[in-house]
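Visitor: Line order of the protein sequences matches chains A and B. Take the first sequence: its position 23, counted from the start at 1, is 25 in our numbering, and no numbers get skipped. Take the second sequence: its position 49, counted from the start at 1, is 51 in our numbering, and no numbers get skipped. Beta carbons are placed, not taken as given, at the ideal position from N, Cα and C, and that holds for glycine.
Protein chains: 2
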Amino acid sequence: MEDDELVIERSPLPARIDDRLRAQLTFIAEADRLKTILRASPLAAADRRENDAEHSWHLALMVILLSEYADEPIDVGHATRLVVIHDLVEIYAGDSPVFDPAAVVGQQEREEAAADRLFALLPDDQAAWVRALWDEFEAGQTPEGRFCKAMDRLEPMLLNWLNRGGTWQMPGATESTVRAREAGVVAASTALGEATNSLVEQGLANGWIRPDP
Amino acid sequence: MEDDELVIERSPLPARIDDRLRAQLTFIAEADRLKTILRASPLAAADRRENDAEHSWHLALMVILLSEYADEPIDVGHATRLVVIHDLVEIYAGDSPVFDPAAVVGQQEREEAAADRLFALLPDDQAAWVRALWDEFEAGQTPEGRFCKAMDRLEPMLLNWLNRGGTWQMPGATESTVRAREAGVVAASTALGEATNSLVEQGLANGWIRPDP
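#1: At which residues does the alpha helix (DSSP H) containing arginine 18 of chain B begin and terminate?
#2: Residues of chain A with CB closer than 7 Å to the CB of isoleucine 19 of chain B, please, in chain order.
#3: Please state the DSSP three-state secondary structure of arginine 12 of chain A.
#4: Comparing C-alpha positions only, which one of A:Ala25, A:Leu160, A:Gly205 sits nearest to arginine 24 of chain B?
#5: Between the alpha carbons of glycine 79 of chain A and proline 215 of chain A, how many angstroms are there, rounded?
#6: Which chain B residues are close to methionine 64 of chain A, counting only those with a beta carbon under 7 Å from its beta carbon?
#7: Output, in chain order, the set of chain B residues within a Cβ distance shorter than 7 Å of glutamine 128 of chain A.
#8: Taking only beta-carbon atoms, is arginine 12 of chain A less than 8 Å away from chain B?
#9: Report yes or no: is there a C-beta of chain A within less than 8 Å of the C-beta of alanine 25 of chain B?
#10: Could you pull the start and end residues of the beta strand (DSSP E) that proline 44 of chain B belongs to?
#11: I want to see whether chain B comes within less than 8 Å of lysine 37 of chain A, judged by CB atoms only; does it?
#12: Tell me whether asparagine 208 of chain B is buried or exposed, calling it buried when 16 or more other Cβ atoms sit within 10 Å of its Cβ.
#13: Would you say tryptophan 59 of chain A lies against chain B (beta-carbon separation less than 8 Å)?
#14: For aspartate 154 of chain A, which residues of its own chain have a beta-carbon under 8 Å away from its beta-carbon, when the five flanking residues on both sides are left out?
#15: Based on Cα-Cα distance, which residue from A:Leu206, A:Arg12, A:Leu164, A:Val180 lies nearest to alanine 33 of chain B?
#16: What does the alpha-carbon distance come out to for the pair valine 9 of chain B and arginine 35 of chain B?
#17: Could you tell me the distance, in whole angstroms, from the CA atom of glutamate 157 of chain A to the CA atom of leucine 120 of chain B?
#18: Would you kindly work out how many angstroms separate the C-alpha atoms of alanine 148 of chain A and alanine 189 of chain A, rounded to a whole number?
#19: Between proline 16 of chain A and serine 200 of chain B, is the Cβ-Cβ spacing less than 8 Å?
#20: Starting from the N-terminal side, write out each stretch of the beta strand (DSSP E) that is 3 residues or longer and does not extend beyond the stretch 161–187 of chain B.
Structure below.
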């Protein structure tokens with residue numbers, strides 16, 4: 003389908019559905035595109051790359067199961083909302099693999115433009131608080147924002163571990179760039195930071211992560 | 003990989019990670035398999051079937067955006083947890099397409115056996131409350147359980163609408179079996195039930211849903 007065509011345009015909703023719900027269902031239909039945005043990370047359970055919708059679900063599961071390790075108390079329901087919406091802007095902005103220096107150039111501007119376009123599909127009141135959730139995740143300055151960013155770092159680390167390399171094998175990934183990702187876990191959770199450190203230390207020892215040149 | 007091999011067995015976790023976190027990460031790694039369980043429903047944004055992880059994410063987004071339409075007040079954070087875990091048992095039990103009468107034979111027994119096996123990977127305390135979340139979703143007797151089941155009915159209805167047929171074209175799908183799915187939306191939300199009714203009425207008029215024989 004064309005990039006500028008809304009998913010809903012294929013089969014417009016029946017006229018009886020009122021404007022507010024129509025806007026919400028239009029957004030929910032457009033969100034189906036998140037299932038087509040591929041990340042660099044390989045799955046552990048199949049020989050293919052992960053998509054953003056699967057990734058967002060996996061983070062939600064991790065928030066629910068690992069919240070006990072947050073260094074500051076977190077509201078699990080709120081944190082779950084943050085991870086469910088955190089990658090939606092990639093529907094228009096695309097994924098920017100962290101170990102690809104070219105991909106991250108202009109990422110913030112692309113994602114903000116995508117947020118303006120995507121969230122405008124929602125009724126105004128809802129667009130405002132969904133945007134606020136996204137801004138909170140991006141800033142990572144609240145306990146929930148920090149913890150969700152930590153999950154966003156830890157999940158691909160675990161997939162890389164299970165793949166004995168994964169994106170750790172990309173040209174831009176060496177010890178220091180991998181350690182920078184580890185720091186995002188440490189910032190929210192001492193215990194999960196230590197576990198991540200174990201994966202990185204052992205990954206280096208196993209040759210799954212390259213030392214710095 | 004073999005069905006009886008845990009995902010984590012490929013690359014066992016470093017010895018420094020303690021037993022509790024090891025159990026949780028083992029479960030989180032095994033959960034990656036949910037991304038490989040295909041549903042009957044087609045995506046709207048790509049020409050392939052939806053998997054359970056994507057579907058669970060989409061339900062979580064719908065819970066967050068549509069909770070205002072619940073006939074009874076719901077705790078959105080709790081409801082989001084229910085949908086995130088609701089399909090995990092299909093990792094071992096497989097998907098049972100609702101319009102396939104053969105697939106639903108023995109479904110409950112298969113899923114309970116899968117729950118016993120899967121949730122046992124977690125530490126005991128967590129296994130108990132994750133199992134309770136799954137039981138609550140399955141029973142659909144709390145306001146959150148009812149609303150989440152309504153989302154689980156509405157999401158494939160919307161995908162079918164966007165595909166101008168989708169699983170409505172399966173042999174077992176005719177007006178009465180589609181209406182039975184609509185009833186699951188009506189049970190939790192008058193407003194969303196009316197919208198679903200519009201989709202079904204128009205779907206019948208358009209020939210996307212067959213009348214009963």
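Guide: In brief:
#1: Sequence index remark: in the second sequence, residue 18 of chain B carries index 16 (1-based). First-last for arginine 18 of chain B: undefined, no H or E at that position.
#2: What you label residue 19 of chain B is simply residue 17 of the second sequence in a count that begins at 1. Under the 7 Å cutoff, chain A gives Ala197, Ser200.
#3: Residue numbering aside, residue 12 of chain A sits at position 10 when the first sequence is read from its first letter. Helix.
#4: In the second sequence, the residue the question calls residue 24 of chain B occupies position 22. The residue from A:Ala25, A:Leu160, A:Gly205 with its alpha-carbon nearest to that of arginine 24 of chain B is A:Leu160.
#5: On the first sequence, position 77 is the one that residue 79 of chain A refers to. On the first sequence, position 213 is the one that residue 215 of chain A refers to. Rounded to whole angstroms, glycine 79 of chain A to proline 215 of chain A spans 43 Å at the Cα level.
#6: Here the question's residue 64 of chain A lines up with position 62 in the first sequence. Those are Ile30, listed as they occur along chain B.
#7: Translated into positions along the first sequence, residue 128 of chain A becomes position 126. Contacts between glutamine 128 of chain A and chain B, judged by CB atoms closer than 7 Å, involve Leu67 in chain order.
#8: Within the first sequence, numbered from 1, the residue matching residue 12 of chain A stands at position 10. It does; some Cβ of chain B falls within 8 Å.
#9: In the second sequence, counting from the first residue as 1, residue 25 of chain B sits at position 23. The beta-carbon of alanine 25 of chain B is placed no less than 8 Å from the nearest beta-carbon of chain A.
#10: On the second sequence, position 42 is the one that residue 44 of chain B refers to. Unbroken beta strand (DSSP E) run through proline 44 of chain B: 40–44.
#11: Start at 1 with the first residue of the first sequence, and residue 37 of chain A comes out as number 35. Among the CB atoms of chain B, one or more fall inside 8 Å of the CB of lysine 37 of chain A.
#12: As a first step, residue 208 of chain B must be located in the second sequence, where it is residue number 206. Answer is exposed; the Cβ neighbour count stays below 16.
#13: By one-based count along the first sequence, residue 59 of chain A stands at place 57. At a cut-off of 8 Å between C-beta atoms, tryptophan 59 of chain A counts as an interface residue with respect to chain B.
#14: On the first sequence, position 152 is the one that residue 154 of chain A refers to. For aspartate 154 of chain A, same chain residues with a beta-carbon under 8 Å away, outside a window of 5 residues either side, are Leu61, Val85, His88, Gly186 in chain order.
#15: One-based indexing of the second sequence puts residue 33 of chain B at position 31. Among A:Leu206, A:Arg12, A:Leu164, A:Val180, the Cα nearest to that of alanine 33 of chain B belongs to A:Leu164.
#16: As a working mapping, residue 9 of chain B is identified with position 7 in the second sequence. As a working mapping, residue 35 of chain B is identified with position 33 in the second sequence. Valine 9 of chain B and arginine 35 of chain B: Cα-Cα distance of roughly 8 Å.
#17: One-based indexing of the first sequence puts residue 157 of chain A at position 155. One-based indexing of the second sequence puts residue 120 of chain B at position 118. If you take the alpha carbons of glutamate 157 of chain A and leucine 120 of chain B, they lie about 20 Å apart.
#18: Walking along the first sequence from the start, residue 148 of chain A turns up at place 146. Walking along the first sequence from the start, residue 189 of chain A turns up at place 187. Contrary to the premise, residue 148 of chain A reads as arginine rather than alanine in this sequence. Computed Cα separation, rounded: 7 Å.
#19: What you label residue 16 of chain A is simply residue 14 of the first sequence in a count that begins at 1. What you label residue 200 of chain B is simply residue 198 of the second sequence in a count that begins at 1. Inclusion of proline 16 of chain A and serine 200 of chain B in the CB contact set at 8 Å is warranted, their separation being smaller than that value.
#20: The stretch 161–187 of chain B is shown to contain no whole beta strand (DSSP E) run of 3 or more residues.
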